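Everything below concerns the one structure shown next.
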Amino acid sequence: MKIYLEFVGYLKLEGAENRSQVEVPNGVDVSSLFKRFKVSEEHLKFIVPVVNGERKSINYRLKDGDSLYLMLPVGGGAMCVFNGA
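Residues are numbered in our numbering as their position in the sequence shown, beginning at 1, plus a constant of 545.
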(Lines of atoms letter the chains of each structure in order from A and count residues from 1; the text may use other names and numbers.)
(Lines give C-alpha, C1' and ligand atoms only; values in the text may rest on other atoms or scores of the structure.)
Protein backbone atom coordinates (compact mmCIF):
# COMPACT_ATOMS: atom_id res chain seq x y z
CA MET A 1 0.00 0.00 0.00
CA LYS A 2 1.07 3.61 -0.39
CA ILE A 3 1.12 6.44 2.11
CA TYR A 4 2.19 10.06 1.81
CA LEU A 5 5.10 10.88 4.14
CA GLU A 6 6.20 14.30 5.33
CA PHE A 7 8.56 15.14 8.18
CA VAL A 8 9.87 18.34 9.73
CA GLY A 9 12.26 19.51 12.39
CA TYR A 10 15.59 17.90 13.12
CA LEU A 11 14.20 14.54 12.05
CA LYS A 12 16.19 12.30 9.74
CA LEU A 13 14.66 9.21 8.12
CA GLU A 14 17.26 7.04 6.42
CA GLY A 15 16.14 6.06 2.93
CA ALA A 16 13.04 8.26 2.99
CA GLU A 17 12.47 11.31 0.87
CA ASN A 18 10.50 14.13 2.46
CA ARG A 19 7.09 14.91 0.96
CA SER A 20 6.87 11.68 -1.00
CA GLN A 21 4.72 8.62 -1.51
CA VAL A 22 6.13 5.56 0.22
CA GLU A 23 5.29 1.91 -0.38
CA VAL A 24 4.69 0.13 2.95
CA PRO A 25 3.31 -3.29 3.95
CA ASN A 26 -0.44 -3.53 4.56
CA GLY A 27 -1.37 -2.74 8.16
CA VAL A 28 2.05 -1.46 9.16
CA ASP A 29 2.11 0.65 12.32
CA VAL A 30 3.97 3.92 12.76
CA SER A 31 6.59 2.42 15.11
CA SER A 32 7.56 -0.14 12.45
CA LEU A 33 8.30 2.71 10.07
CA PHE A 34 10.63 4.21 12.68
CA LYS A 35 12.63 0.97 12.59
CA ARG A 36 12.55 0.78 8.79
CA PHE A 37 13.88 4.33 8.44
CA LYS A 38 16.38 3.93 11.30
CA VAL A 39 15.08 6.81 13.39
CA SER A 40 17.53 7.80 16.12
CA GLU A 41 16.74 6.21 19.51
CA GLU A 42 17.11 9.60 21.18
CA HIS A 43 14.32 11.03 19.02
CA LEU A 44 11.77 8.21 19.30
CA LYS A 45 10.03 9.38 22.47
CA PHE A 46 9.63 12.92 21.15
CA ILE A 47 8.25 12.30 17.65
CA VAL A 48 4.64 13.34 17.15
CA PRO A 49 2.85 11.33 14.43
CA VAL A 50 -0.12 13.03 12.75
CA VAL A 51 -2.25 10.94 10.38
CA ASN A 52 -4.72 12.70 8.10
CA GLY A 53 -4.61 15.76 10.35
CA GLU A 54 -5.14 13.90 13.66
CA ARG A 55 -2.51 13.13 16.27
CA LYS A 56 -2.06 9.36 16.63
CA SER A 57 0.01 6.98 18.76
CA ILE A 58 3.02 5.14 17.36
CA ASN A 59 0.91 1.96 17.47
CA TYR A 60 -1.58 3.34 14.93
CA ARG A 61 -1.95 1.01 11.95
CA LEU A 62 -1.73 2.91 8.69
CA LYS A 63 -4.19 2.46 5.84
CA ASP A 64 -3.70 2.81 2.10
CA GLY A 65 -3.70 6.48 1.13
CA ASP A 66 -3.01 7.80 4.63
CA SER A 67 -1.02 10.99 4.99
CA LEU A 68 1.62 10.64 7.73
CA TYR A 69 3.21 13.81 9.07
CA LEU A 70 6.06 13.36 11.56
CA MET A 71 7.43 16.18 13.60
CA LEU A 72 10.12 16.46 16.21
CA PRO A 73 9.20 19.50 18.30
CA VAL A 74 11.94 21.93 19.20
CA GLY A 75 12.71 22.03 22.88
CA GLY A 76 15.37 22.78 25.39
CA GLY A 77 17.12 25.97 26.23
CA ALA A 78 18.79 27.22 29.33
CA MET A 79 17.47 29.02 32.32
CA CYS A 80 18.87 32.51 32.60
CA VAL A 81 19.24 34.30 35.88
CA PHE A 82 19.41 38.06 35.72
CA ASN A 83 20.73 39.77 38.81
CA GLY A 84 20.23 43.31 37.57
CA ALA A 85 23.95 44.02 37.30
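Idealized CB from N, CA, C, for every residue including glycine.
In this text, all values refer to a predicted model and were calculated from it rather than measured experimentally.
Closest in C-alpha terms to residue 569, from the list 575, 546 and 563, comes 546. For residue 590, the three-state secondary structure derived from DSSP is coil.
Within the DSSP bridge table, the entry for residue 612 names 549 as partners. Your pair residue 605 and residue 574 checks out as a contact, with CB atoms roughly 6 Å apart and the cut at 8 Å. Beyond the five residues adjoining it in sequence on each side, residue 609 comes within less than 7 Å, by CB distance, of 546 and 547 in the same chain, given in chain order. The C-beta separation of residue 607 from residue 555 comes to about 23 Å, leaving the pair out of contact by the 8 Å criterion. Looking at the backbone, the Cα of residue 588 and that of residue 597 are separated by about 22 Å.
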